[in-house]
Amino acid sequence: MIRAPRLLRLPSALYLTGVVLLGTGAWTVCAAQQRDEVAHTVKPGDTLEGIAQSYFGAPQLWQQLQARNKVKNPRHLQPGSTVWVPVHLQPQETARVEFAQGSVEATAPAQGAGQPIAERVTAGSTLKEGTRLEVGPDSFVTVRLADGSVVRVNAQSEVELRQLRRRGRNGPSQSVLEVNRGRVESSVTPTSDGTRRFEVRTPRAVTSVRGTRYDVALHDGGQTVASVLEGSVAVQGRESAARTPAAPAATLEPGQGIAVQADGTVGAVRPLLPPPDLRAVPKALHEPGLLALDLPEQPEAHAYQALIARDAGLTQVLRTGTFATGRIRWPGLEDGQYFVSVRAVDSAGIAGLPATQPIAVKTKPVPPLYQHPAAKGVVPHTGAHLICTEVPGMRWYHVQVSTQADFSQLLKDESRLSTCKLPVEGLPLGHYFWRAASVQELADGAVDTGPFAAPLPFTVVAQPPTLSAQALQTSDGEATVSLRWPAQPGQRFRLQLARDLTFASPVRDTELSESHWTASDLDAGTYYVRIQVLDASGLQGDFSPARTLRVGTGFSTSFGLPVSDSSGEAVRRP
7 MIRAPRLLRL
17 PSALYLTGVV
27 LLGTGAWTVC
37 AAQQRDEVAH
47 TVKPGDTLEG
57 IAQSYFGAPQ
67 LWQQLQARNK
77 VKNPRHLQPG
87 STVWVPVHLQ
97 PQETARVEFA
107 QGSVEATAPA
117 QGAGQPIAER
127 VTAGSTLKEG
137 TRLEVGPDSF
147 VTVRLADGSV
157 VRVNAQSEVE
167 LRQLRRRGRN
177 GPSQSVLEVN
187 RGRVESSVTP
197 TSDGTRRFEV
207 RTPRAVTSVR
217 GTRYDVALHD
227 GGQTVASVLE
237 GSVAVQGRES
247 AARTPAAPAA
257 TLEPGQGIAV
267 QADGTVGAVR
277 PLLPPPDLRA
287 VPKALHEPGL
297 LALDLPEQPE
307 AHAYQALIAR
317 DAGLTQVLRT
327 GTFATGRIRW
337 PGLEDGQYFV
347 SVRAVDSAGI
357 AGLPATQPIA
367 VKTKPVPPLY
377 QHPAAKGVVP
387 HTGAHLICTE
397 VPGMRWYHVQ
407 VSTQADFSQL
417 LKDESRLSTC
427 KLPVEGLPLG
437 HYFWRAASVQ
447 ELADGAVDTG
457 PFAAPLPFTV
467 VAQPPTLSAQ
477 ALQTSDGEAT
487 VSLRWPAQPG
497 QRFRLQLARD
507 LTFASPVRDT
517 ELSESHWTAS
527 DLDAGTYYVR
537 IQVLDASGLQ
547 GDFSPARTLR
557 VGTGFSTSFG
567 LPVSDSSGEA
577 VRRP
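Be aware that the sequence shown starts at 7, since it is given in the numbering used here, and climbs by one per residue.
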């Protein structure tokens, strides 16, 4: 008969004070797990040689089992007794990096007397057992284990690949992750016989799963939280590593979560918060240098976890973060198709059910800036134009006019304007909206139309009878120039004006609290203007591509010619 092994008193750093067991099978929790051992329950006919073959793929290692368990007769084991199987004798496996974004470093175990060296990881990198992953701010890494299970490590996390083993030569994987900081999400490949072992450990909890989707987070205060999207979960608490058997387990069903406090207290099972409402999220984002989402506040939500990924499976995450409100802000992304996913976080720090939808980023070519008329401005029904800046390198401009803010009814739709200028001639008196976009001709002859600028309202009125056709006009360019652009609440802006596209010596470099700018003291000529968004969240967008701005003298004859003085110089506004 095999004697039960004596439990050792482990260093306090290794104590389990909260244990979460996920899956359909029962796991015995004791201090032996901290020594990376597996408890094998002896069945009739078992021998140490057979157990060594099953777990190690090497029957000759039975003597290691005999020494560890102090077995007198290796061929006669007592059914129902326990044999402790050291994991370090199982065959090793490796993991592979499928995706890495930002600053992700891997520190492999030192070889011999050498010191461990941290190296930057990229997609395709191979990771060995014992490797420590450190993921920086605004960074993310996806790791695929040998059995196909996927582990997603979030920003500002530190995770060790504690075990990468398999049972026997061709058996199921046996994987253990150690979370020292941050959050991991796991999609675990299920097995039919329940022998697949997958654990995520923190200093206060262990999650063990066979075929499910769930995430585990270690908060700064030492609290561990787990939420489950698929599979069943058992939660078992422990006051000390030496106490056995453990307290009765609670069960988590899909859509439930739980928290283990820093002192090891296991909280009550609670339902996950429902998915956030993403109906207000636009189908496309158009602001250069900034990703801005505004969600309606959700009852009982204390924060929101959000991410943007390249793929629907959310394995290639480019932006992630936790936000106190539904105002989500990230640095911008290149134009393309993405997926946004948001989860509400409850008072215990448990992330709720996700809401996910596709979203496009389309910022280029940048739209023109509005020059005339001003927002809600008034123009006469004859002789007036809708005027906007030009964008260097653009072939055409697309300008639309509608009576509706959603442009469902178009009155003017000009997509091949050589200049960003559209006459209002022919519009009945009334209220309208207009918007403009840049059109670029690509090298292969294809046409790329950029996003429209936000609609601007204006009103067409009758021509005042006192306005003479012989009066001086502004056809050679206004001496006073005004620019307007769309903005989010609370944003500020930095505007630069220069004579050349390099902006090496700006004529103007100013910060603005409003999304418009006016100048009346500029010399006549051609300028370039660019704008940087200074968001209320603290993010600073990149400078926008330049637009062209022409400043005139402000005077011309009724024939459209500049007015000159006796010396031939153009007359300028005093």
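We put the CB at the ideal spot given by N, CA and C, even for glycine.
Residue i: first and last residue of the uninterrupted beta strand (DSSP E) it sits in
i	result
Leu54	From DSSP, Leu54 is part of no beta strand (DSSP E) but of the alpha helix (DSSP H) over 54–62.
Asn186	179–193
Phe549	First-last for Phe549: undefined, no H or E at that position.
Leu224	219–224
Asp515	514–518
Cys394	391–394
Ala357	357–367
Trp491	Premise fails: Trp491 is in no beta strand (DSSP E) and is neither H nor E.
Leu423	416–423
Asp317	No beta strand (DSSP E) holds Asp317; DSSP gives it neither H nor E.
Val44	43–47
Residue j beta carbon less than 8 Å from that of residue i
i	j	result
Ser163	Arg138	no
Leu133	Val157	no
Ser488	Thr524	yes
Gly383	Phe464	yes
Phe105	Gln343	no
Tyr403	Pro364	no
Leu545	Pro337	yes
Gly130	Val103	yes
Thr362	Val346	yes
Gly228	Arg203	no
Ser5	Arg335	Past the boundaries of the shown model lies residue 5; the chain is included only from 7 to 580, so the question cannot be answered.
Leu503	Val535	yes
Ile314	Leu324	yes
Ser537	Phe509	According to the sequence displayed, residue 537 carries Ile and not Ser. Contact flag unset, no.
Leu501	Thr516	yes
Ala114	Val127	no
Arg173	Gln72	no
Leu339	Leu297	yes
Leu224	Leu278	no
Val185	Arg207	yes
With 16 other Cβ atoms within 10 Å as the buried cut-off, status of residue i
i	result
Ile123	exposed
Arg514	exposed
Ser424	exposed
Pro371	buried
Asp221	buried
Ala274	exposed
Asp482	Any answer about Asp482 is weak, because its pLDDT of 44 lies below 50 and its placement is not dependable; what the coordinates show is given next. Buried is the call here.
Leu27	Annotation note: pLDDT 38 at Leu27 (below 50); position unreliable, no value reported.
Thr326	buried
Gln121	exposed
Ala247	Confidence at Ala247 is low in this model, with a pLDDT of 40, below 50, so its placement is unreliable and no value can be given for it.
Val467	exposed
Trp33	Below a pLDDT of 50, predicted positions are generally treated as unreliable, and Trp33, at 35, falls in that range; the measurement from the model is reported next regardless. Buried, because 16 or more other Cβ atoms sit within 10 Å of the Cβ of Trp33.
Ser519	exposed
Gln66	exposed
Separation of residue j from residue i, as counted between CA atoms
i	j	result
Gln70	Ser87	18 Å
Phe413	Val149	46 Å
Glu236	Val215	11 Å
Pro492	Ala460	6 Å
Ile171	Val93	Correcting the residue identity first, residue 171 is Arg in this sequence and not Ile. Approximately 8 Å, taken between the alpha carbons.
Cys426	Pro398	12 Å
Lys49	Ala58	14 Å
Val453	Ala411	26 Å
Thr30	Leu151	At Thr30 the pLDDT is 31, less than 50, meaning the model places this residue with poor confidence; the figure from the coordinates comes in the next sentence. Computed Cα separation, rounded: 21 Å.
Glu99	Phe62	13 Å
Glu245	Leu284	In this prediction, Glu245 scores a pLDDT of 49, lower than 50, which makes its location untrustworthy; the coordinate-derived value is nonetheless stated afterwards. Rounded to the nearest angstrom, the two C-alpha atoms are 42 Å apart.
Pro288	Tyr310	18 Å
Ser526	Val557	9 Å
His292	Gly547	13 Å
Glu55	Arg81	8 Å
Arg333	Gly531	41 Å
Gly432	Arg553	29 Å
Ser353	Gln262	14 Å
Gln406	Val348	35 Å
Val266	Arg490	52 Å
Residue range of the unbroken alpha helix (DSSP H) whose run includes residue i
i	result
Gln446	That residue, Gln446, is in no alpha helix (DSSP H); its beta strand (DSSP E) goes 436–447.
Arg202	Segment: none, Arg202 is in no alpha helix (DSSP H) and carries neither H nor E.
Gln117	It is not in any alpha helix (DSSP H) - Gln117 carries neither H nor E in the DSSP assignment.
Arg74	68–75
Requested in this report: May I ask you to verify whether the segment 368–380 touches the segment 393–400, counting CB pairs closer than 8 Å and requiring at least 3?
Outcome: yes
Query raised in the report: Are the segment 187–197 and the segment 143–158 touching, with three or more C-beta to C-beta distances below 8 Å?
Result: yes
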